[in-house]
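In my numbering, the protein residues as written are 51 to 858.
A virtual CB, placed ideally from N, CA and C, is assigned to each residue, including glycine.
This structure is a prediction, so every number in the text was calculated from the model and none was measured.
As structure tokens, then:
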């Protein structure tokens, strides 16, 4: 009836990317194959007749497998698997035994950065052949099959710049298969006509829109000649290129889509025997259907516009009246109400029912779920103006009960960030430090309305950063804080129930600013490294594994070392250190010897006043890279690593004004690391989505509070999508931007938290048998903690504030 049962989840490997379907064990049930990029495997899920699947069986592949396909490569009537391994420039062939299991991989060279793969018989010998796109050297590789599961050496053919998707079809009706490829970076497609002997003519290119990516073929004008449709992600269109009988194509005709059309497919959706197009729009979370209406022409999408003055801030979709037709709810910030428009099933909607959220409420963000477990979807809305949360319980006819309001009672504000799960409940919390009021604030999402008691800890004033680790090997997270006024670090051992043992203080250098935790001498015990910005040094304190630490060892750094990060930069299984030096406009790399000591520093030039640094593998080559925020010239610098401890010259990307802190994570679930930066002086955060080659798209900016300083990334609402938290130095708030999982984020939700917040971190202190807790912990100079508990009762979310004083 067009509706679906609840999702059923199955565990895969790390960062699942590609998916294919086939009957792998000849039981007439479809099975699933997944590539797991970061665990270098494929997962096979054998299907049962009831739509469920057995637990995965994994098979090793090459490095960073991405695209895959299924076919019979050795003519034994059993399906085999082909995988493109972008990390080591190979393809893996796994021959099937016909019972759902597979032989170990056979590996074939496939050109630089093989990305997507397609299958066809290119030399008309009834044996399956392979074509692979090589994104980093602008070619496709063709590997002809011998029919026994093995393949000849590859033959390379030139394409446009950064070839991505590939499809195989016969475009000139000569019974010889041809190849079409999207070229993401030069806005073209390449057509390679096949000669039928396994070789191909030189490419002929056709212009598309900006950033072509999705690709499909079909006969759109019923002339028995195949046409091409491509999604142009950069200018929000699809292009249809009608084919001639000689394998050439007319110029594209474009049709508007949603934001960043990414993937597309062709089928007949309205049973008129004409092929229609469906396109997934990644950046506005929509799926668009373009219905065929004339020879090769498509109908434009239908648009829906809210009322004038409403100031639309959020929109969500669900079936509110149980007619199997999707409806829309819109939060109208300017008119203080929600608008629910019921769908007619033909792409149009009714005028809408208005539900008030209260005077000057300014509804900001909407969530939909069944909060009271009556089988009917309800609505929850956060009201920025009244600092409250409203719930509207749904009736089966599409109407809603009157709202129920819950006060949030915020008083305080944040600045620096770290992430940890302090109570082993599998959820991340947020800790934020402040500058002028010297306190920690904690935001917690709680499962029921039960709260922890107040706890008191003594501390020195002037905290600047906080990091978590297990310092005494009891599997409970502990905390270390830098205190700039007394030139020390303070270690708190965690009790596992949200409380901490008394502090222990260790002397470091002059004005310690940031801290990181790692095992520098390979003794399976956590150690600490600290930057001391006034005496231009770093301090390393080796841990004894019982929660105590040895006296510091000091190494010289650049001028004003601000921020520190760690990683294995030369792949020798020993941790190394990188430091951002604010006054010498460089980063310093210290390669570790594995005994707690380090080689002499090596410096790399950055932009002006490098402020913070983070580490990640940006080009998926298994070598760590570096990103630096350049405070004075509004940029970030990316240094790609060679894997031997040295780095390429920086590549800069423009940010907002005065970038301060940088975080690295995969915010759009494409197995590529992205970058998030706070821009202090224009009150924004910038998101840079990463490509496979270590480069990044232009920034997308989101409003934050006044002078956002530190940034943290984590899943705050347990929807498996990464969210962003910033502490806003001058208006005493923390901003939460909930992620959609595709690289886009909702507008900020601001919470008042304290005076001059200085550091923000994610963590979790409180748990009971029935409770799931999340909170933001804000750190101030006198370590006063305000805990903001976000809890759920019968699936309804509420907010309340609990203060935890940390007096001296």
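For residue 781, collect the residues of the same chain with a Cβ closer than 6 Å to its Cβ; drop the 5 residues on either side in sequence, then sort them by chain order.
Only 755 and 756 meet the Cβ criterion.
Rounded to the nearest angstrom, what separates residue 164 and residue 672 at their Cα positions?
Distance between the alpha carbons of residue 164 and residue 672: 15 Å.
Let me know the beta strand (DSSP E) ranges lying completely inside the region 214–285, each 3 residues or longer, listed in chain order.
Runs found: 228–233, 238–242, 254–257, 262–268 and 277–282.
Less than 6 Å between C-beta atoms, sequence neighbours within five positions excluded: which residues of the same chain meet that for residue 67?
Counting only Cβ-Cβ distances below 6 Å, and skipping sequence neighbours, we find 85, 87, 116 and 721.
Just to confirm, are residue 660 and residue 696 a CB contact at a threshold of 9 Å?
Going by C-beta atoms, residue 660 is not nearer than 9 Å to residue 696.
Any chance you could list the beta strand (DSSP E) runs of at least 3 consecutive residues sitting entirely within the region 663–747, in chain order?
The qualifying runs are 675–680, 685–689, 701–704, 709–715, 724–729 and 734–738.
Terminal residues of the continuous beta strand (DSSP E) containing residue 325?
Element bounds for residue 325: n/a, residue is neither H nor E.
Alpha carbon to alpha carbon, how far is residue 684 from residue 633? Give it in angstroms, no decimals.
If you take the alpha carbons of residue 633 and residue 684, they lie about 16 Å apart.
Around the Cβ of residue 81, are there at least 16 other Cβ atoms within 10 angstroms (buried) or fewer (exposed)?
Buried, because 16 or more other Cβ atoms sit within 10 Å of the Cβ of residue 81.
Once the 5 residues before and after residue 104 are set aside, which same chain residues still bring their CB inside 6 Å of it?
The residues are 96.
Between which two residues does the beta strand (DSSP E) holding residue 162 run?
Looking at the DSSP string, residue 162 is not in any beta strand (DSSP E), and its letter there is neither H nor E.
Return the bridge partner residues of residue 787 from the DSSP annotation.
Looking at the DSSP assignment, residue 787 forms a beta bridge with 774.
Considering only residues of the same chain and omitting the five flanking positions on each side of residue 358, which have a CB-CB separation below 8 Å?
Residue placement at residue 358 is poorly supported in this model, since its pLDDT is 43, which falls under 50; the coordinates still yield a value, given next. Hits under 8 Å: none found.
Following a CB-centred definition, is residue 686 positioned closer than 8 Å to any heavy atom of the ligand FAD?
No copy of the ligand FAD occurs in the structure displayed, which carries no ligand at all.
Taking the C-alpha atoms as reference points, what is the distance between residue 771 and residue 791?
Roughly 5 Å between the two C-alpha positions.
Compare the beta carbon distance of residue 242 and residue 150 with 9 Å and say whether it is the shorter of the two.
Contact: no.
Work out the CA separation of residue 218 and residue 128 for me, nearest whole Å.
If I take the Cα positions, the gap works out to 22 Å.
Determine the direct distance from the alpha carbon of residue 256 to that of residue 299, and round the result to whole angstroms.
Approximately 8 Å between the Cα atoms of the pair.
So residue 715 and residue 775 are in contact, right, with Cβ under 8 Å, and what is the actual spacing, rounded?
In fact, because the Cβ distance is near 12 Å, the residues do not count as touching under 8 Å.
Less than 9 Å between the beta carbons of residue 106 and residue 93, yes or no?
Yes, they are a contact pair.
If I measure Cβ to Cβ from residue 758 and keep anything under 6 Å in the same chain, skipping five residues before and after, which residues do I get?
Around residue 758: 728, 776 and 778.
Figure out for me which residue from 541, 132, 595 and 733 has the closest Cα to the Cα of residue 144.
The shortest C-alpha separation from residue 144 is found at 132.
On a CA-only basis, which of 314, 340, 331 and 330 is nearest residue 324? Give me that one, please.
Looking at the Cα atoms, 340 is the closest of the given residues.
Check whether the region 566–581 and the region 611–630 touch, using three or more Cβ-Cβ pairs below 8 Å as the test.
In short, these stretches touch, since the Cβ pair count reaches three.
Taking DSSP as the reference, what is the three-state secondary structure of residue 64?
In the structure shown, residue 64 sits in coil (DSSP, three-state: anything other than H, G, I, E or B).
If you compare alpha carbons, which of 111, 635, 328 and 180 is closest to residue 91?
The candidate whose alpha carbon is nearest that of residue 91 is 111.
When DSSP labels each residue in this structure, what does residue 108 get in the three-state scheme?
DSSP places residue 108 in strand when its eight states are reduced to three.
Quick one: what's residue 184 bridged to in DSSP?
Per DSSP, 164 and 189.
Given a threshold of 16 other Cβ atoms within 10 Å of its Cβ, counted over all protein chains shown, does residue 542 qualify as buried or as exposed?
Burial call: buried.
If you drop the 5 nearest sequence neighbours on each side, which residues of the same chain put their C-beta closer than 6 Å to that of residue 313?
Hits under 6 Å: 264 and 330.
Identify every residue that forms a DSSP beta bridge with residue 88.
For residue 88, which the question treats as bridged, DSSP gives no partner whatsoever.
For residue 407, does the three-state DSSP call read helix, strand or coil?
Coil, per DSSP.
Where does residue 630 sit, in a helix, a strand or coil, going by DSSP?
Here residue 630 sits in strand by DSSP.
With DSSP run on the structure shown, which of helix, strand or coil describes residue 370?
Note: residue 370 maps to coil in three-state DSSP.
At which residue ranges does the region 110–144 contain complete alpha helix (DSSP H) runs of 4 or more residues, listed in the order of the chain?
Runs found: none.
Looking at C-alpha atoms only, which residue of 214, 669 and 71 is the closest neighbour of residue 231?
Checking every option, the nearest Cα to that of residue 231 belongs to 214.
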